[in-house]
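Chains as they are written, first to last, in our numbering: chain A, 1 to 325; chain B, 1001 to 1326; chain C, 2001 to 2357.
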Amino acid sequence: MPTQHISKDQMIELYKVMVTIRLFEEKIQDLYARGLVPGLAHLYIGEEAIATGVSAHLRKDDYVTCNHRSHGHVIAKGAELKYMMAELFGKKTGYCKGKGGSMHIADITIGILGANGIAGGGIPIAVGSALSSKMRKKDQVTVCFFGDGASNNGTFHEGLNFASVHRLPVVFICENNLYGISVSQKQHQVIEDISIRSVSYNMPGITVDGNDVLTVYEASGKAIQRARVGEGPTLVECKTYRWRGHHEGDPNQGRRYRTVEEIQEWVQKCPIKRFEEKLVGEKVLSKNKIKNIWEEVGKKIEEAVEFANQSPFPDPPDVYEDVYV
Amino acid sequence: MRELTYAQAINEALMQNLEKDERVFLMGEDIGKYGGIFQVTAGLLDKFGPERVIDTPISESGFVGVAIGAAMTGMRPVVEIMFIDFTTCAMDMIVNQMAKIHYMFGGRGKVPLVLRTNIGAGRGAAAQHSQSFHAFFVHIPGLIVVTPSTPYDAKGLMNTAILDENPVLFIEHKKLYANKGDVPEDHYTIPFGKADIKREGRDITIVATLAMVGRSLSVAEEFAKDGIEIEIVDPTTLRPMDKKSILESVKKTGRLIVADEGPVTCGVTSEISAMIAEEAIGYLHAPILRVGSPDTPVPFSPPLEKIYIPDEEDVREAVHKMKEYL
Amino acid sequence: MKNLEMPRGPNSSERSEGTKAVPAASRMARERGIDLSLVKGSGPNGIILVKDIENFKISQRAIETVKKKEKIQASSLARKLAEKKGVSLESIDGTGTRSRIMMGDVIRVAEKPAILVREKEEEKNIFGQTIPMSQMRKVVAKRMSQSAFTAPHIYFFTDVEMDQLNRLRDEMLSDFEKQFNIRISINDFFIKAVALTIREFPMLNAMVMGEEIYIMPEINVGLAVAMEEGLIVPAIPQADRLGLGSIAQMRADLINRARAGKLKLEEIERGTFTVSSLAQFDIVFFTAILNPPQSGILSVGKTYDQLYLKEGQVVTKKIARFGLSVDHRIVDGAVAAAFLQSLKRRLENPTFAFMHL
């Protein structure tokens, strides 16, 4: 695991982001179980390394599109927890004034072009923002997060094709967690490494261990740099696994279609635990400091929940607002 | 004033906007070298280059999505879908993405793009290239639907569409492209949601869209000889629709015929009929009559296609029926 | 027809209840208080248009007789000749275009004995024919059914001694005529007596309205007048308050105008109770159907002699059988019986009864 090009501070930052995502998702899990969060929740637990490793390279003015499982992407891009929490609660103070919910969180001021409830829906849009940056002659990069399921969708092919024809500054991050809801990758495609599809579009493709934040960091760093200097798109596949079901409410956390052994196997490969061990081993962080980090993050999350609880729901006339600009 | 064809009027609007606003660019299949299947974008590639006039691969969902992403991040794309029939390939992008983004994101995010396409049968293009289901889009909140019937309206409405901050579906008509009309040279806009009374009358109101406007006008001239004066109201935009003008006209004449080229069932004509029945029923001196296409796919064979298309014959028949209530 | 599946609106061939007027016409009719069932529609399939409401004249409504209002098509020569010969154009079959009556047709007919021809024509014309209902007949038929099927009728009969009343009438006859210019009719007494009796029994002046009973404010007694095309019932307003003189005059005027087809709708609609007499026919008694929305109707049979023994002698008295039909929803047997009894008492003691005014 190469660690050059990354400072200690940067590594600590990576760790903090992963912990934030983990604790946020666990909090949602808890609140959801107690019926305090309306709607749907698709949790990122177990996949934190990907959003974190990729987004570490992104500037505020870079763009991100993501999918329905995007709390992690949005947090990693710099969204504020309290506005996220308020949005999930359906409150007026949320990022989308309560009108979007978990699957549609967006903040264009920090480049988040929206989580998307349609599998693969964000791919062409990401290509569009990349086209836009190129047209405006800016070196903004777009990162597009999607899953193995979306890699079969027409939009994947149309998007990658267009991006390659026009050599656009977009990085396609495929988070292969081996399942599209309940259908395993083995059932929904004949290839094992999705990155080989990049060949069809004459762009570089690479497969990495999605649970190793530093590997993700390095691979995505290269891809983002390529895009930034105008060398075109890249497809980066990150192998990972979600610990919980497709959505909160998926019976037995996805054990209708996954075995307990398989889940356990991947839990052992927890990205946070692995990185933690490395950090402690290389004396980047002490166990104490780690404890502090967890506590501090925990506090921030409680504050966010508090903020969300105190916030009002939207008023009934708000139903009719913002249909048009 | 000089005359332009409907296609030329749109071409001029696009050209003038490409000239003065560098955020504007065009995308679509065969719009560049070929100049567009109906020559609406002829000459624009030469003038503005391939960066601003992009010939896309055949991937409606993909390139409409690209337009959305570009519009969200500061550009003003005008994307063409060759026939309205192909919008089905991009339905997710149109219905679930562009129409929803502003609302879903609580007003923080907008998609100022124009999606141009065309409807209408009559060129023997058969079932998959001749439909007129623009009613689908009127049904989706968040979209603006524009239906110009003359070259003058086309240029003015296109200018408004490009300036608008919302996603606009600009519905053209295959059989109108060659029609000529007066078009001012300079930039002008026509506001959305303002119907145009194309002909005044006191006996019968015909609310007509696109090609039905011209067909209704010629039928109106025939009946004028018998002393029956038909008023023709062209909504120009179906969403937002100028309900007020339609209501005023119906209150004046008491008799309404609605003419739109889409199939009658659940079409634009149904919406207008329901609206009048809801808000002006006491003013009706006669039942509301709808003129549109029959509930069948578009047939290929020319004599069958002729029967399919709602033309002067059908408008005339409706007026005859309406005469019994005069 | 191109638009094969064009939806069928109210102009389609099936005319269902409630769609016989265009919306603007319904609204106008409502505003003007016009009963749509009396308006003839000129739109497709007889739908009522706004102009039908605008042109609707109350005096011309359904009471029109079957007398052909359409102008008979005849050449002017034919007309002149027919007038000269005293031949009615209606009895002539025209042989010109569209059955126009030409001079030759008049000559042909004029050579036959006119009356015979007419009778034969009429005879020939009635049997085996299907005659459309006149507007009035339609209305009568509709209301009769409505009444019969809505109000549960119950009937009561009583025999009234008419001797006293007849004697009173005979005594008054010439003076009455001198003063009021009209021959007093026995019906006038009936009308007055009924009106006075209703005062005691308000339920006989009521109508059912949903789950409520509306007792009408005035007692307007109608007298049924038989006409060729149906029964008409003009009503004497506030009959309880009018003197016999006024009643007689109004009665005469109403009946004349009824027969001439010149009654106003209001004069019929104001009725709250009906008196129907078949006394001039050999009808002993009959069960009348209520005139909706009224809740009572009095039927009068023929007066005939009845024998009885008085102190060993055979004497006759004049008896007429009166029938009372009531709406059993709001008039019970006891009430109806009491009403009839009270009425009988009045008619049998006319001097006392009619002294009250």
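Virtual Cβ for every residue (Gly too), placed ideally from N, Cα, C.
What residues of chain B sit near Tyr-201(A), judged by a beta carbon separation below 9 Å?
-> Within 9 Å Cβ-Cβ: nothing; Tyr-201(A) doesn't reach chain B, min ~11 Å.
Between the stretch 2021–2053 of chain C and chain B, which residues of the former have CB atoms less than 7 Å from a CB of the latter, in chain order?
-> Val-2022, Pro-2023, Ala-2024, Arg-2027, Gly-2043, Pro-2044, Leu-2049 and Val-2050
Kindly indicate which three-state DSSP category Ala-2338(C) falls into: helix, strand or coil?
-> helix
Could you list which residues in chain C have their beta carbon closer than 8 Å to that of Leu-1284(B), in chain order?
-> Val-2022, Pro-2023 and Ala-2024
Rounded separation between Ile-1094(B) and Ser-1059(B) - CA only | 14 Å
Run down chain C in chain order and give the residues with a C-beta less than 8 Å from the C-beta of Ile-1257(B).
-> Here the premise fails: no neighbours, minimum Cβ distance about 11 Å.
Given Pro-204(A), which residues of its chain have a CB within under 8 Å of its CB, disregarding the five upstream and five downstream residues?
-> Ser-198, Ala-223, Arg-226, Thr-234 and Leu-235
Could you run through the stretch 157–168 of chain A and flag, in chain order, every residue whose CB is less than 7 Å away from some CB of chain B?
-> Glu-158, Gly-159, Asn-161, Phe-162 and Val-165
Output, in chain order, the set of chain B residues within a Cβ distance shorter than 8 Å of Cys-96(A).
-> Met-1104, Phe-1105, Gly-1106 and Arg-1108
Please report how far the alpha carbon of Leu-1026(B) lies from the alpha carbon of Ser-1293(B), in whole angstroms.
-> 32 Å
Would DSSP call Asp-61(A) helix, strand or coil?
-> coil
DSSP on Val-199(A), reduced to helix/strand/coil?
-> helix
CB of Ala-1009(B) within 8 Å of CB of Phe-1038(B), strictly = no
What is the DSSP secondary structure of Glu-2005(C), reduced to helix, strand or coil?
-> Note that Glu-2005(C) scores a pLDDT of 43, beneath 50, so its modelled location is shaky; the value from the coordinates is reported in the next line. In the structure shown, Glu-2005(C) sits in coil (DSSP, three-state: anything other than H, G, I, E or B).
Secondary structure at Asn-1017(B), three-state DSSP: helix, strand or coil?
-> helix
Helix or strand or just coil, what does DSSP make of Cys-1089(B)?
-> helix
C-beta atoms of Asp-148(A) and Leu-168(A) nearer than 8 Å | no
Looking only at its own chain, which residues have a Cβ that is under 7 Å from the Cβ of Ala-2025(C), when we skip the five neighbours before and after it?
-> Ile-2048, Leu-2049, Val-2050, Asp-2052 and Ile-2053
Going by other Cβ atoms of all chains shown within 10 Å of its Cβ, with 16 needed for buried, is Val-267(A) buried or exposed?
-> exposed
9 Å Cβ cut-off: residues of chain F touching Lys-60(A) = This model lacks chain F altogether, as its protein chains are A, B and C.
Can you grab the Cα-Cα spacing for the pair Ile-1031(B) / Asp-61(A), in whole Å?
-> 32 Å
Kindly say whether Asp-322(A), judged by its beta-carbon, lies nearer than 8 Å to any beta-carbon of chain B.
-> yes
Thinking Asn-176(A) and Lys-239(A) are a contact (beta carbons under 8 Å), I'd like their distance in whole angstroms, please.
-> 5 Å
Note down the Cα distance separating Asp-2163(C) from Gln-2306(C), rounded to an integer number of angstroms.
-> 11 Å
Kindly list, in the order they appear in chain C, the residues whose Cβ is closer than 7 Å to that of Ile-1281(B).
-> Pro-2023
Is Met-85(A) near Val-213(A), with beta carbons less than 8 Å apart?
-> no
Give a yes or no on whether 8 Å exceeds the smallest Cβ distance from Gly-1193(B) to chain A.
-> no
For the stretch 1232–1265 of chain B, which residues have a CB atom closer than 7 Å to at least one CB atom of chain C, in sequence order?
-> Gly-1254 and Val-1264
Name the chain B residues that come within less than 9 Å of Gly-154(A), Cβ to Cβ?
-> Ser-1059, Ser-1061, Gly-1062 and Cys-1089
Of the choices Gln-189(A), Ile-293(A), His-71(A) and Phe-146(A), whose alpha-carbon is the least far from that of Ile-45(A)?
-> His-71(A)
Ignore the nearest five residues each way along the sequence and tell me which others in Tyr-95(A)'s own chain have a CB closer than 6 Å to its CB.
-> Tyr-83, Glu-87, Ile-105 and Asp-107
Burial state of Lys-2178(C), where buried means 16 or more other Cβ atoms lie within 10 Å | exposed
Nearest-angstrom Cα distance between Gly-1065(B) and Gly-128(A)?
-> 7 Å
What are the uninterrupted segments assigned as alpha helix (DSSP H) that are 4 or more residues long and contained completely in the stretch 27–73 of chain A, given in chain order?
-> 48–55
What does a CB cutoff of less than 7 Å around Glu-48(A) pick up in its chain, not counting 5 residues either side in sequence?
-> Met-18, Ile-21, Arg-22, Gly-72, Pro-271 and Ile-272
Segments of 4+ residues assigned as alpha helix (DSSP H) that fall wholly inside the stretch 1141–1192 of chain B | 1151–1163
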